[in-house]
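Here the structure comes first, spelled out in structure tokens, and everything after it is commentary.
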Amino acid sequence: MPRRIIHIDLDAFFVSVEQALNPALKGKPVVVGGKPDRRGVVAAASYEARAFGLHAGMPLITASRFCPQATFLEGSFPRYRNASHKFMAILTDFSPFLEPIGLDEAFLDVTGFESIYGSIDQMAGIIRQQINKELGLCASVGIASCKVVAKVASEKSKPDGLLEIAAGEEVSFLAPLPIAELPGVGKKTEQKLKGLGIRTIGNLAITPLNTLKLHLGASGELLHQLANGIDERKVEPPGAAKSISRETTFGKDTADRSSLTATLSYLSERVGADLRQRDKQARCINLKLRYADFTTITRSHTLKQTTDTDQAIFNTGKQLLDKALLAERQLVRLIGIGVSSLTEPAQQLDMLDPSAQRLEQLNRAVDRIRKKYGFTAIQTGRTLQLKDLFPNDKNGYTLETPDLSL
Ligand code: DCP
Ligand code: CA
743 MPRRIIHIDL
753 DAFFVSVEQA
763 LNPALKGKPV
773 VVGGKPDRRG
783 VVAAASYEAR
793 AFGLHAGMPL
803 ITASRFCPQA
813 TFLEGSFPRY
823 RNASHKFMAI
833 LTDFSPFLEP
843 IGLDEAFLDV
853 TGFESIYGSI
863 DQMAGIIRQQ
873 INKELGLCAS
883 VGIASCKVVA
893 KVASEKSKPD
903 GLLEIAAGEE
913 VSFLAPLPIA
923 ELPGVGKKTE
933 QKLKGLGIRT
943 IGNLAITPLN
953 TLKLHLGASG
963 ELLHQLANGI
973 DERKVEPPGA
983 AKSISRETTF
993 GKDTADRSSL
1003 TATLSYLSER
1013 VGADLRQRDK
1023 QARCINLKLR
1033 YADFTTITRS
1043 HTLKQTTDTD
1053 QAIFNTGKQL
1063 LDKALLAERQ
1073 LVRLIGIGVS
1083 SLTEPAQQLD
1093 MLDPSAQRLE
1103 QLNRAVDRIR
1113 KKYGFTAIQT
1123 GRTLQLKDLF
1133 PNDKNGYTLE
1143 TPDLSL
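Just so you know, this note's numbering puts the end of the sequence shown at 1148, numbered straight through with nothing missing.
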């Protein structure tokens, strides 16, 4: 049975939340990211500001030159998180098959729901109205038979739009669009494809698979399928994880502290990214070690305050590791780090010290870049050392444990 999938994405999210709180800002060029005399970049720009060429990632100082009359706001992450929770709660009322992506985006599988709402198009209309009424925000919607086409359709419908692609029209809808508009094509891939004379998604769809595999490796095959509107990926509700952990076995048992620390740091970043993707915080940090003789130990520490930062996970893991290494002098075969006692994020974060908030925002920014360019696009000094230990590609290091999730 052909599926019907909705992709929904809030317009100019951070800015729109500010405009809903202060209606005097509506219809005006507004930027969230900070005052232009501060170093930093635009996090979100209203569509009125975009008309002046402003966009996310642009230095604030450049933004203020292009559009001096814009209102520049510091913004408040807890406010956006709060709005995000309300947004997701509205969506849950419409379908249990909900997959949130970040704070302001989600997929819904609504196959068969026509009979309840008349049509999926009408259903999406009701969802958009409700979001507007309850949150004062505009959402754009794409409807299609698979995730990739629904996502591109919502992007095309922006702002405040709705675009449904009928079954059978996926390929003709995608074909004229520039390759950069296909999810999964980042800057590097775009350049490579252009080098091969491939400019549109349609060009990509008819390029022989072998050519793509030769130039792009395994991701060539995936992109070829997506360009042809073939995307079997399911809408996956996140599920209530009780704990999140990552572990790996070393190729050769080791007692080398810097290798152990580098691996721990990398695994902590993986756990942190997963935790933030689920929008959860953790109270308990757990370290696991297996020694050369296969005895396995776990050591745990309970934090005073819940966290979702890579740094807190690593720092606690490192203390547990140092203690364990002092107590046992054997070579290490496997190392793992995990978090448990998961809770909803604390809402009073803005009352804490600003450095905690900055760290939170830094981690979120790193997550976004990694989502776009691959996990190893950003590395810390500590994990760089892993280059000598494990092979890596854009998705991360190839560790001995092929499936890093437990
Ligand atoms: N964000 C950020 N830094 C970026 C990109 C995004 O802080 N480089 C934040 C601010 C955005 C929010 O994430 O409001 C959602 O990102 P989107 O890419 O969905 O962008 P917007 O919602 O702002 O605009 P659009 O209407 O294009 O979806
Ligand atoms: Ca958005």
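Glycine included, every Cβ here is placed at the ideal spot set by N, Cα and C.
DSSP lists Thr1085 as the bridge partner or partners of glutamine 1023.
Excluding residues up to 5 positions away in sequence, Leu752, Asp753, Phe755, Ser758, Val759, Ala762, Ala825, Phe829 and Ile873 lie with their Cβ nearer than 8 Å to the Cβ of leucine 879 in the same chain.
With a threshold of 16 other beta carbon atoms within 10 Å, glutamine 871 falls short and is exposed.
Burial of serine 1010 is indicated by the presence of at least 16 other C-beta atoms within 10 angstroms of its C-beta. The Cβ neighbour count for phenylalanine 1117, taken over all protein chains shown within 10 Å, is at least 16; the residue is labelled buried. Taking the Cβ of phenylalanine 755 as the reference point, at least one heavy atom of ligand 2 falls within a distance shorter than 7 Å. Within the same chain, Cβ atoms closer than 7 Å to the Cβ of phenylalanine 794 are found at Pro771, Phe808 and Cys809, the five residues on either side in sequence being excluded.
By the CB criterion at 8 Å, alanine 848 and leucine 833 fall inside the cutoff. In this structure, DSSP gives phenylalanine 839 a state outside helix and strand, which the three-state scheme calls coil.
When only Cα atoms are considered, glycine 775 and alanine 785 end up about 5 Å apart. The three-state reading of DSSP puts glycine 1138 in strand, counting E and B together.
At least one heavy atom of ligand 1 lies closer than 7 Å to the C-beta of glutamate 847. Distance from the C-beta of leucine 796 to the nearest heavy atom of ligand 2 is not below 7 Å.
Counting C-beta pairs with one atom in each stretch, the stretch 938-953 and the stretch 905-918 have three or more that are closer than 8 Å, which means they touch.
By the Cβ neighbour-count rule, proline 842 is buried, with 16 or more other Cβ atoms within 10 Å of its own. Here DSSP, grouped into helix, strand and coil, assigns threonine 1122 to coil.
Ligand 1 approaches alanine 786 closely enough that one of its heavy atoms is under 7 Å from the residue's Cβ. Looking from the CA of alanine 982, the closest CA among Pro950, Thr1005, Asp1016 and Gly993 belongs to Asp1016.
In the three-state reduction of the DSSP assignment, valine 773 falls in the strand class.
If you draw a straight line from the Cα of proline 765 to the Cα of proline 901, it is about 18 Å long. Rounded to whole angstroms, the gap between the alpha carbons of lysine 929 and leucine 956 is 18 Å.
Annotation for aspartate 1109 indicates a beta carbon at 7 Å or more from all heavy atoms of ligand 2. In the three-state scheme derived from DSSP, where H, G and I count as helix and E and B as strand, threonine 931 is classed as helix. The closest heavy atom of ligand 2 lies 7 Å or more from the beta carbon of aspartate 902. Cα atoms of glutamate 897 and lysine 1060: separation of roughly 42 Å, rounded to the nearest angstrom. In the three-state scheme derived from DSSP, where H, G and I count as helix and E and B as strand, valine 852 is classed as coil.
A heavy atom of ligand 1 is found nearer than 7 Å to the CB of leucine 752.
Ranked by Cα distance from serine 1097, the first of Leu1076, Asp1064, Thr1051 and Arg1071 is Thr1051. Residue state for leucine 879 is assigned as coil, using DSSP reduced to three classes. Taken in chain order, the complete beta strand (DSSP E) segments of 3 residues or longer contained in the stretch 746-816 are 747-752, 772-774 and 813-815.
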